[in-house]
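Chains as they are written, first to last, in full-length UniProt numbering: chain A, 1 to 338; chain B, 1 to 319. Note that CB positions come from ideal geometry on N, CA and C, so glycine has one too. Predicted, not measured: the structure shown is a model, and the values here were computed from it. Notes follow once the structure below has been shown.
Pasting the structure below:
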């Protein structure tokens, strides 16, 4: 409060006021309670297990299993399920059966099934296979962009522009992702203004929603708040989502922070499928079950049936011969009293 | 008063609201691994290992380390070497080493063994109290009053715990007012701090906020701590909410030692490494050296021949 006279500063000092008017503290506490933490009434969960999850699992998953997983997830009430990725099978062998998967799944009328399309080629294949929504992946880190998709951020956005324009013409909605929003495995911390820049570009190009990915899970509520503060200046909260990784156990705390800042779309992966490719043995995606448990516990609606998600998680874990990463699934399996 | 283009009332509310929302600058971590953690591990740990663990934790900068429990070895064989541990540890100046004392007998043995701080455990659930320590909540509080009286005379500090604050494995839902009542009694008995334990980890941020509102009406928030279990993965989110509500003392367990005795295979205590990672990321001081803490975690996991439950410890970036 630079230019105000000292006397005025004294009057405006909270601590001084409380000393002189002790009743003020109690009254402000009550007002604070009313103001504090307005959470969204409804949160949309974007289930990325079948794509982001499976893509990062070592075991090759048979097409039939993928289809069954997606069908089970379609019955849970999840509104969005990322089904597959139209990327070259040379790069991502796990997604080689993209066309088969997309054509064989039982599409529920209440669910959307976006697919990844890194370029025009992938987009055309996706549309030919019946895709009605696509997703493009940008990065807030130059080094990550170069190492991951072999081009600069600018070049990648030019590529996406083509996809987004064509998608617009065909009235196919496009979702944008920005990776390394809270840190890069190569560059370290990422400036929140840089993240905001990339998010803004994707949004202005025509992405209806941009998902902010904490790719290596290093974010904490502090960095999440800072990043969202910058991004919200450029893009409305209703067009933002958070995609938190639980590599350092911070995902739910970060998601909570995002909710407190008005975000109401959360990406997650059934059973926490998908390890972190940058930290061997470490976890990656946050588990849908754990996110749901928190949201429901807070009285936030999602439309999703947690028990059915746990069942889908059990199914895929058996098929992958691995343990679930979801703490809720682990606890429910043993407790039984809830 | 037109400086800010808002009414004085609005301004006051905003100032008050943001002042209330501010996170603490410093958080005291109460490390419960050597007691709560090890007590809930199946493998019996040799005394020297316990002592070495506590010494490593002292070196890591933790201000409070729960060292052992003066409970009958019949009930808790893991803590049978209580006296040896107390006498064997290297007590760092400025670090507190509280020990559990369920009754006067335990208290006397603890003081004899050199304890300068003790802890007592109440419950917010009648059924849990009966099943766990074989008496009602009131009866247990009467027992504890003997301890707090003796502690006052001996100049020994007492920390109180309330378990089942967000749910009970037998009763299900627990009323925040009941928790507030028990916390109030422990506080008026002379406990300098009351740790609120989400014993089965079922709590979520909404419930935590409601609980803390109820309890902080009876006990000053400075005298409260949270002891969150990560059984349902909710611990860090619950801790964050608690910090936002003015709590500045957090219990945790190195490497997330201590499974949940009510859900076999499920996790229990939240991992100190993960809590410290979050706090430091928020710019909150703890005095803890995270790499040294991780060393202590690695040590005890090797000795127990188990994997760490800490995600921070698991994440070693390939790059």
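Just how far apart, CA to CA, sit residue i and residue j?
| i | j | result |
| --- | --- | --- |
| residue 57 of chain B | residue 28 of chain B | 14 Å |
| residue 144 of chain B | residue 156 of chain B | 14 Å |
| residue 48 of chain B | residue 55 of chain B | 10 Å |
| residue 259 of chain A | residue 141 of chain B | 40 Å |
| residue 23 of chain B | residue 325 of chain A | 30 Å |
| residue 18 of chain B | residue 44 of chain B | With a pLDDT of 40 at residue 18 of chain B, under the threshold of 50, the predicted position of this residue should be treated as unreliable, though the coordinate-derived value follows. Distance between the alpha carbons of residue 18 of chain B and residue 44 of chain B: 49 Å. |
| residue 246 of chain B | residue 90 of chain A | 53 Å |
| residue 34 of chain A | residue 236 of chain B | Residue placement at residue 34 of chain A cannot be trusted, given a pLDDT of 42 that sits under 50; the coordinates are not used to answer. |
| residue 111 of chain A | residue 278 of chain A | 32 Å |
| residue 352 of chain A | residue 135 of chain B | Nothing about residue 352 of chain A can be reported from this structure: the residues present for chain A run from 1 to 338 only. |
| residue 329 of chain A | residue 271 of chain A | 8 Å |
| residue 298 of chain A | residue 173 of chain B | 15 Å |
| residue 241 of chain A | residue 209 of chain A | 7 Å |
| residue 35 of chain B | residue 199 of chain B | 15 Å |
| residue 201 of chain A | residue 193 of chain A | 12 Å |
| residue 61 of chain A | residue 54 of chain A | 8 Å |
Taking the alpha-carbon of residue i as reference, which of the options has the nearest alpha-carbon?
| i | options | result |
| --- | --- | --- |
| residue 167 of chain B | B:138, B:188, B:210, B:136 | B:210 |
| residue 113 of chain A | A:193, A:80, A:186 | A:80 |
| residue 195 of chain B | B:313, B:95, B:122 | B:122 |
| residue 73 of chain B | B:109, B:223, B:260, B:213 | B:109 |
| residue 87 of chain A | A:120, A:324, A:65 | A:120 |
| residue 275 of chain A | A:65, A:333, A:323 | A:323 |
| residue 61 of chain B | B:289, B:314, B:313 | B:289 |
| residue 158 of chain A | A:269, A:253, A:118 | A:118 |
| residue 212 of chain B | B:202, B:244, B:77 | B:244 |
| residue 131 of chain B | B:309, B:266, B:262 | B:262 |
| residue 202 of chain B | A:255, A:181, A:58, A:327 | A:327 |
| residue 255 of chain B | B:306, B:113, B:283, B:146 | B:306 |
| residue 80 of chain B | B:59, B:302, B:50 | B:50 |
| residue 225 of chain B | B:159, B:171, B:204 | B:159 |
So is residue i in contact with chain B if we call contact Cβ pairs under 8 Å?
| i | result |
| --- | --- |
| residue 44 of chain A | no |
| residue 214 of chain A | no |
| residue 327 of chain A | yes |
| residue 318 of chain A | no |
| residue 331 of chain A | yes |
| residue 248 of chain A | yes |
| residue 236 of chain A | no |
| residue 281 of chain A | yes |
| residue 297 of chain A | yes |
| residue 188 of chain A | no |
| residue 294 of chain A | yes |
| residue 40 of chain A | no |
| residue 220 of chain A | yes |
| residue 253 of chain A | yes |
| residue 306 of chain A | no |
| residue 52 of chain A | no |
| residue 55 of chain A | no |
| residue 290 of chain A | yes |
Does the beta carbon of residue i sit closer than 8 Å to a beta carbon anywhere in chain A?
| i | result |
| --- | --- |
| residue 55 of chain B | no |
| residue 311 of chain B | yes |
| residue 266 of chain B | yes |
| residue 261 of chain B | no |
| residue 308 of chain B | no |
| residue 205 of chain B | yes |
| residue 164 of chain B | no |
| residue 211 of chain B | no |
| residue 67 of chain B | no |
| residue 282 of chain B | yes |
| residue 315 of chain B | yes |
| residue 278 of chain B | yes |
| residue 88 of chain B | no |
| residue 286 of chain B | no |
Which whole-angstrom value is the C-beta distance of residue i and residue j, which I expect to be below 8 Å?
| i | j | result |
| --- | --- | --- |
| residue 216 of chain A | residue 257 of chain A | So it is not a contact: roughly 18 Å between Cβ atoms. |
| residue 47 of chain A | residue 268 of chain A | 7 Å |
| residue 288 of chain A | residue 43 of chain A | Actually they do not touch by this definition, with Cβ atoms about 12 Å apart. |
| residue 294 of chain A | residue 252 of chain A | 6 Å |
| residue 66 of chain B | residue 30 of chain B | 7 Å |
| residue 71 of chain B | residue 102 of chain B | 5 Å |
- Item | Three or more C-beta pairs below 8 Å linking the region 163 to 183 of chain A and the region 136 to 153 of chain A | yes
- Query: How about the region 306 to 319 of chain A and the region 200 to 220 of chain B: do they share at least three Cβ pairs that are nearer than 8 Å?
  - Reply: no
- How about the region 182 to 199 of chain B and the region 81 to 96 of chain B: do they share at least three Cβ pairs that are nearer than 8 Å? Cβ pair count under 8 Å is below three, so no.
- Task: Check whether the region 264 to 280 of chain B touches the region 234 to 252 of chain A, taking contact to mean three or more Cβ pairs, one atom from each stretch, closer than 8 Å.
- Result: yes
- Message: With three or more beta-carbon pairs closer than 8 Å as the criterion, would you say the region 137 to 154 of chain A touches the region 197 to 214 of chain A?
- Response: yes
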